[in-house]
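*Asks:*
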Amino acid sequence: MPDFLRMGIVLMVVGVVATAILSGTESVTRAPIAEAKRQETLRMLKTVLPEGYDNAPVDDTVLFSDKRLHRKEKPVTFYRGRKGGAPLGVAFVVTAPDGYSGNIDIMMSVTPAGVINLVKVVAHLETPGLGDKIVKPEWLNAFRGKDRDNAKWRVKKDGGEFDQFSGATISPRAVVEAVKRGLDFFVEKKDVMFQPAAAEKKS
Amino acid sequence: MSDTDSKQIIADGIWNSNAIFVQMLGMCPTLAVSTSAENGVGMGLATAFVLLGSNVVVSLIRNYIPSDVRIPAYIIVIAAFVTIVDLSMNAYMHDLHKVLGIFIPLIVVNCVILGRAEAFASKNSVSAAALDGFFMGVGFTLALLVLGGLREILGAGTFFGLPVMGSGFQPSLVFVLPPGAFIALGFILVGVRWINQKRGSGSPV
Chain A
7 MPDFLRMGIV LMVVGVVATA ILSGTESVTR APIAEAKRQE TLRMLKTVLP EGYDNAPVDD
67 TVLFSDKRLH RKEKPVTFYR GRKGGAPLGV AFVVTAPDGY SGNIDIMMSV TPAGVINLVK
127 VVAHLETPGL GDKIVKPEWL NAFRGKDRDN AKWRVKKDGG EFDQFSGATI SPRAVVEAVK
187 RGLDFFVEKK DVMFQPAAAE KKS
Chain B
119 MSDTDSKQII ADGIWNSNAI FVQMLGMCPT LAVSTSAENG VGMGLATAFV LLGSNVVVSL
179 IRNYIPSDVR IPAYIIVIAA FVTIVDLSMN AYMHDLHKVL GIFIPLIVVN CVILGRAEAF
239 ASKNSVSAAA LDGFFMGVGF TLALLVLGGL REILGAGTFF GLPVMGSGFQ PSLVFVLPPG
299 AFIALGFILV GVRWINQKRG SGSPV
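Those sequence lines, one after another, are chains A and B. Going by the working numbering, the first sequence runs without a break in its numbering and finishes at 209. Going by the working numbering, the second sequence runs without a break in its numbering and finishes at 323.
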């Protein structure tokens, strides 16, 4: 057998065997991975949404895409919590494009009246020890109970009421502004926000 | 494989030619993920598993692979093991997988693994290759534990997430930041050299 053919065949065999093993692994782990992701979302929703919902918000979702939620208009999932069928709150992720280093993903939950229940930073790349203080509950608690009119939606340095950190203004400013944009979007879409999913789910 | 040989392999893997402290291989994941003891151990174990698996398989197929195409064949083997680790960690250790994130796929290009496949596994029996892979992995994991632990203690005052320093301790943030990785590694290397000198084995390089 010519050398080049032998090499080709050997590589092909190695490749085929590796592919077979990997596709086996993939099919075994597919379900646990999906389950782990679902559990993660569930845990997150449990901490963020107002207490007392009796539906499964992870399955009661609606998609919106808007520049204010994500600069590239990536569709954002809104998880809706209901109690006895009545809307209790909605949780969704807004992405601040203007963090100190990259995007900051913020999960926020809003009651049907347009009041913020809780804000949580789910992903960020801010500087450890400086900008990453935005994940601290002590700071994020300042958003609790705020709506569009009862708060000055800026950091203190810009004449608002939210603390910045010494040495880090950009990160908290990005978070405050993203939460404000998310709230604006919610208020604007309030009427369609809690409609049953059927209509929108088609897309 | 004689008894002295396996003792030699074990000693080499853990200390004499420790992948990080002596061979200085695989620096990218080492410096990047060693911000805490837990991350270091997680990365170390993932790498150790790939190292063991790829060493065994490379040793098994060493007589069938033409030497001209051995590197691509080894890379396929390594990549397959890395993907298995990636998928399994995502499924069964989801939280750790989220932390280690992009560094798991990067194990493929960790020079330690290809280095051992090329320098050891392709020339030795399966049992010797398995031993070598395992103890190289252990050495790698221990090195990451030392580096990650040091950085976590100095940079955050904790060890495996538990506070270990008194309340008066002011964590020095720089050790968690990238420059701290280089500084900490530098001092650890000084220590390793010093110990080797004391033991009279001279410089290992």
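We put the CB at the ideal spot given by N, CA and C, even for glycine.
Fully enclosed by the region 146-224 of chain B, which alpha helix (DSSP H) runs are 4 residues long or longer?
*Replies:* You should have 155-178, 188-210, 212-218.
*Asks:* Taking the C-alpha atoms as reference points, what is the distance between G105(A) and A24(A)?
*Replies:* Looking up residue 105(A) in the first sequence gives position 99. Looking up residue 24(A) in the first sequence gives position 18. So the alpha carbons of these two residues sit roughly 41 angstroms apart.
*Asks:* Go through its chain and collect everything with a Cβ distance to T53(A)'s Cβ below 8 angstroms, but skip five positions before and after it.
*Replies:* Locating residue 53(A) in the first sequence gives position 47, where the first residue counts as 1. Counting only Cβ-Cβ distances below 8 angstroms, and skipping sequence neighbours, we find L124, K126.
*Asks:* Can you grab the Cα-Cα spacing for the pair L48(A) / A97(A), in whole Å?
*Replies:* As a first step, residue 48(A) is located in the first sequence; it is residue number 42 there, counting from the start. As a first step, residue 97(A) is located in the first sequence; it is residue number 91 there, counting from the start. One C-alpha to the other measures close to 11 angstroms.
*Asks:* Against chain D, with Cβ distances strictly below 8 angstroms, would S206(B) count as a contact?
*Replies:* As a matter of chain content, chain D is missing from the structure shown, whose protein chains are A and B.
*Asks:* Could you tell me how far apart the beta carbons of F253(B) and I128(B) are, in whole angstroms, since I believe they sit closer than 8 angstroms?
*Replies:* Here residue 253(B) is taken as the residue at index 135 of the second sequence, counted from 1. Here residue 128(B) is taken as the residue at index 10 of the second sequence, counted from 1. Contact holds; Cβ gap of about 5 angstroms.
*Asks:* To which residues does DSSP link R88(A) through a beta bridge?
*Replies:* Along the first sequence, one-based indexing puts residue 88(A) at 82. P93(A), per the DSSP bridge assignment.
*Asks:* Could you tell me the distance, in whole angstroms, from the CA atom of K196(A) to the CA atom of E132(A)?
*Replies:* Residue mapping note: residue 196(A) aligns to position 190 of the first sequence, counting from 1. Residue mapping note: residue 132(A) aligns to position 126 of the first sequence, counting from 1. Near 32 angstroms, if we compare the C-alpha coordinates of E132(A) and K196(A).
*Asks:* So, does the CB of P223(B) fall closer than 8 angstroms to a CB anywhere in chain A?
*Replies:* Numbered from its first residue, the second sequence carries residue 223(B) at position 105. Judged by the 8 angstroms Cβ criterion, P223(B) is not in contact with chain A.
*Asks:* Should D204(B) be listed as close to the ligand NAP, given that the test is whether its C-beta is under 7 angstroms from any heavy atom?
*Replies:* The ligand NAP is not part of the structure shown, which contains no ligands of any sort.
*Asks:* What residue range does the beta strand (DSSP E) around L69(A) cover?
*Replies:* The residue given as residue 69(A) occupies position 63 in the first sequence. Element bounds for L69(A): 67-70.
*Asks:* Where do the N-terminal and C-terminal ends of the beta strand (DSSP E) with V121(A) fall, by residue?
*Replies:* Within the first sequence, residue 121(A) is the residue found at index 115, counting from 1. No beta strand (DSSP E) holds V121(A); DSSP gives it neither H nor E.
*Asks:* Which residue from L178(B), L291(B), L170(B), S290(B) puts its Cα closest to that of R234(B)?
*Replies:* For this step, residue 234(B) is matched to residue 116 along the second sequence. Checked all of L178(B), L291(B), L170(B), S290(B); the closest Cα to R234(B) is L170(B).
*Asks:* Assign Q201(A) to one of two classes, buried (16 or more other C-beta atoms within 10 Å of its C-beta) or exposed (fewer than that).
*Replies:* Numbered from 1 along the first sequence, position 195 holds the residue referred to as residue 201(A). With fewer than 16 other Cβ atoms within 10 Å, it is exposed.
*Asks:* Measure the beta-carbon distance from P330(B) to L224(B) and round it to whole angstroms, keeping in mind my assumption that it falls under 8 angstroms.
*Replies:* In the structure as shown, chain B starts at 119 and stops at 323, and residue 330(B) therefore has no counterpart that could be examined.
*Asks:* To which residues of the same chain is E206(A) closer than 8 angstroms at the C-beta, ignoring the five residues directly before and after it?
*Replies:* Mapped onto the first sequence, residue 206(A) falls at position 200. The predicted position of E206(A) is uncertain, since its pLDDT is 46 and thus under 50; a value taken from the coordinates is nonetheless stated next. Closer than 8 angstroms at Cβ, skipping near neighbours: V68, L69.
*Asks:* Would a check of beta-carbon distances place V176(B) closer than 8 angstroms to chain A?
*Replies:* Numbered from 1 along the second sequence, position 58 holds the residue referred to as residue 176(B). No - not a single Cβ of chain A is within 8 angstroms of the one on V176(B).
*Asks:* Ignoring anything shorter than 3 residues or poking outside the region 17-89 of chain A, list the beta strand (DSSP E) runs there in chain order.
*Replies:* Runs found: 67-70, 82-89.
*Asks:* Does the beta-carbon of E183(A) have 16 or more other beta-carbons within 10 angstroms, so that it is buried, or is it exposed?
*Replies:* Taking the first residue of the first sequence as position 1, residue 183(A) is located at position 177. That one is buried.
*Asks:* Threshold first: 4 residues or longer. Then list the alpha helix (DSSP H) segments lying entirely within the region 229-305 of chain B, N to C.
*Replies:* 229-237, 244-274, all fully within the region 229-305 of chain B.
*Asks:* Is A26(A) buried or exposed, if buried means 16 or more other CB atoms sit within 10 Å of its CB?
*Replies:* For the purposes of this step, residue 26(A) is taken as the residue at position 20 of the first sequence. By the 10 Å Cβ count, A26(A) comes out exposed.
*Asks:* Does any CB atom of chain A fall closer than 8 angstroms to the CB of T201(B)?
*Replies:* Indexing the second sequence from 1 puts residue 201(B) at position 83. Yes, its Cβ sits closer than 8 angstroms to a Cβ of chain A.
*Asks:* For A197(B), which residues in the same chain have their Cβ closer than 7 angstroms to its Cβ, ignoring the five residues on either side in sequence?
*Replies:* Counting from one through the second sequence, the residue named residue 197(B) turns up at place 79. These residues qualify, in order along the chain: V226.
*Asks:* Please confirm whether L48(A) has its beta-carbon closer than 8 angstroms to some beta-carbon of chain B.
*Replies:* Here residue 48(A) is taken as the residue at index 42 of the first sequence, counted from 1. Not an interface residue.
*Asks:* Could you name the residues of the same chain whose beta carbon sits closer than 8 angstroms to that of Y59(A), not counting the 5 residues immediately before and after it, in chain order?
*Replies:* Reading the first sequence from its first residue, position 53 is the one you call residue 59(A). Result list for Y59(A): G87, R88, K89, L94, G95, in chain order.
*Asks:* Tell me which residue opens and which closes the alpha helix (DSSP H) that R187(A) is part of.
*Replies:* For the purposes of this step, residue 187(A) is identified with residue 181 of the first sequence, where counting begins at 1. Its alpha helix (DSSP H) spans residues 176-199.
*Asks:* Between the Cα of P103(A) and the Cα atoms of G120(A), K43(A), K80(A), A157(A), which residue gives the shortest distance?
*Replies:* Locating residue 103(A) in the first sequence gives position 97, counting from the first residue. Per the Cα distances, K80(A).
*Asks:* Any C-beta of chain B sitting closer than 8 angstroms to the C-beta of L55(A)?
*Replies:* What you label residue 55(A) is simply residue 49 of the first sequence in a count that begins at 1. No, L55(A) does not count as interfacial toward chain B.
*Asks:* For F191(A), count neighbouring Cβ atoms within 10 angstroms of its own Cβ and tell me buried if that reaches 16, exposed if not.
*Replies:* Position 185 of the first sequence, counted from the first residue, corresponds to residue 191(A). Under this definition F191(A) is a buried residue.
*Asks:* When the cut-off is 8 angstroms and only beta carbons count, does G166(A) lie next to chain B?
*Replies:* In the first sequence, residue 166(A) corresponds to position 160, counting from 1. Judged by the 8 angstroms Cβ criterion, G166(A) is not in contact with chain B.
*Asks:* Beta-carbon separation of M13(A) and V176(B) under 8 angstroms?
*Replies:* Mapped onto the first sequence, residue 13(A) falls at position 7. Mapped onto the second sequence, residue 176(B) falls at position 58. For M13(A) and V176(B), no; Cβs fall outside 8 angstroms.
*Asks:* Let me check one thing: in DSSP terms, what residues is K126(A) bridge-paired to?
*Replies:* Walking along the first sequence from the start, residue 126(A) turns up at place 120. Beta-bridge pairing links K126(A) to M113(A).
*Asks:* Interface residues of chain A around P184(B) at Cβ under 8 angstroms?
*Replies:* Working through the second sequence from its first residue, we reach residue 184(B) at position 66. What P184(B) touches in chain A: D9, R12, M13, V16.
*Asks:* Report all residues from its chain with a CB closer than 7 angstroms to the CB of K208(A); omit the five preceding and five following residues, and keep chain order.
*Replies:* Position 202 of the first sequence, counted from the start, is the residue given in the question as residue 208(A). Because the pLDDT at K208(A) is just 40, under 50, the model does not fix this residue reliably, and the value given afterwards should be weighed accordingly. Cβ within range, chain order: n/a, list empty.
*Asks:* Comparing alpha-carbon positions, which option in V19(A), F10(A), R179(A), R36(A) lies nearest H212(B)?
*Replies:* Indexing the second sequence from 1 puts residue 212(B) at position 94. Checked all of V19(A), F10(A), R179(A), R36(A); the closest Cα to H212(B) is R36(A).
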